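Right, one structure below, let's go through it.
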Amino acid sequence: MAPLTFIFSPLIFSLALGAPAATSGSNLGRDLLLAQSLRQKIIGPEGITKNWTGNNVCKFDGFYCDNNPNTGNEAVAGIDINGYGLYGEGLTLDGFLDKMTDLTFFHANSNNFTGSLPKDLTALKWLYEIDVSGNKLSGPFPRSVLDIDLTFLDLRFNEFSGPIPHEVFNLDLDVLFLNDNKFSASIPDNIGSSPVTYLTLANNKFNGSIPKSIGNMKNIKEILLLGNNLSGSIPSKWTSQNLTLLDASHNKLSGSVPENLCKLKSLEALNLSNNNLSGTLGPACASLVKQKVLDVSNNCIQQATGQKPADQCRF
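When you line the sequence shown up against mature numbering (1 follows the signal peptide of the UniProt record, and there is no 0), it's residues -18 to -1, 1 to 297, in that order.
Laid out in structure tokens, this is it:
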């Protein structure tokens, strides 16, 4: 498996304001019962939920309460149990996440939740961040996320499989992390219409070519496509002026390195190593190699150093 380039993306913990009004009265009683029910499924680590006791869910570690800006009623507005390492038999998110209707963010990475995301999240009217990376979630892409207004979706390091729906690139997301799963099939052609700033599809089983529209992504800064089975040529037209990082290494890409890609002003790292690229480098690309911005090692590019042996370049 190819190594993954790490991305820094600060998480936003502020609560959404001006959201639709919650149901009349406080939902704290309901939230308390949901938290208690979840705790009953948790076996360990020992003591990790020791303060999930009493009648005030707002004092439970990882639970954050706030007053609804429209009604003034207090509710659990955010959950951050990142890194808790929670485990237990039948530890799923069904009947918990989908019932916490006042949430604005749900951060639960590095635990041992199984199953998938709940099939219906439409009651979570103002949930804008989901981070469930580093769990044991599986099955097809959770289509329930397509029905809510997320800006941040992190499904990394799970066991999701199958194709990703084209609708995901219609969401108004800033961040989309899908790497290190078992997603397959081709990357949807409408990827270029996505407003995301950070996109990781690395270390999956995607095949086919890189969609031509990828060069039209207006806001994109970082794209990670490494460690898949992508083939064909790299798209020749690129207008993504904010792009700083593109890593498409460890695939089966062929053809030449497009000069238009190398001419993007903001590029800081372009990794195309370990593919089947050939031809010669144009002046812009050759300059990036000298600046150590472009890595084309282990390809079949003429007059470039660190290429594959000749007997591996007879395509």
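Note that beta-carbon positions come from the ideal geometry of N, C-alpha and C, so glycine has one too.
Predicted, not measured: the structure shown is a model, and the values here were computed from it.
Apart from sequence neighbours up to five positions away, the residues of its chain that approach Q285 with a beta-carbon distance below 8 angstroms are T262 and L263, ordered along the chain. Looking at the backbone, the Cα of K32 and that of L207 are separated by about 41 angstroms. With 16 or more neighbouring CB atoms inside 10 Å of its own CB, S222 falls in the buried class. If you ignore the 5 residues before and after L235, its C-beta comes within less than 8 angstroms of the C-beta of I192, L212, S213, G214, S215, I216, L254, N257, N258 and L259, all in its own chain and listed in chain order.
In terms of Cβ geometry, F142 and K118 do not form a close pair [threshold 8 angstroms]. For L20, same chain residues with a beta-carbon under 6 angstroms away, outside a window of 5 residues either side, are F78 in chain order. Between the alpha carbons of G144 and F123 lies a distance of about 7 angstroms.
Restricted to the stretch 45 to 121, the beta strand (DSSP E) segments that are unbroken, complete and at least 3 residues in length are 45 to 49, 56 to 62, 87 to 89 and 111 to 113, listed in chain order. In the DSSP assignment, the residues bridged to L206 are T182 and D229.
By the 16-neighbour rule on beta-carbons within 10 angstroms, R138 is buried. Excluding the 5 residues flanking it on each side, K203 has same chain C-beta neighbours closer than 6 angstroms at T179, N224 and T226, in chain order. Residue state for A251 is assigned as strand, using DSSP reduced to three classes. For K164, the enclosing beta strand (DSSP E) covers residues K164 to S168. Comparing C-alpha distances from L153 to each of I169, L132, L160 and S168 shows the shortest one belongs to L132.
Within 10 angstroms of the beta-carbon of H148 lie fewer than 16 other beta-carbons, which makes it exposed. In chain order, A266 place their CB closer than 6 angstroms to the CB of K245, counting only its own chain and leaving out the 5 sequence neighbours on each side. With respect to the C-alpha of T86, the residue from V58, G65, Y69 and I63 having the closest C-alpha is V58. At a Cβ-Cβ threshold of 8 angstroms, E250 and V275 count as neighbours. For N9, same chain residues with a beta-carbon under 8 angstroms away, outside a window of 5 residues either side, are N55, A57, V58, T83 and D84 in chain order. Between V127 and I146, the C-beta spacing is not below 8 angstroms. Cα atoms of N189 and L103: separation of roughly 30 angstroms, rounded to the nearest angstrom.
Note: D293 is not bridge-paired with any residue in the DSSP secondary-structure output. For S236, the enclosing beta strand (DSSP E) has its first and last residue at K234 to G237. Ranked by how close their Cα comes to the Cα of Y46, the residues M199, L158 and D13 have D13 in first place. Contact check for F159 against D136 passes: the beta carbons are separated by less than 8 angstroms. Non-local beta-carbon contacts of F95 in its own chain, meaning distances under 8 angstroms to residues more than five positions away in sequence, involve L68, L73, T74, L75, V114, N117, K118 and L119 in chain order.
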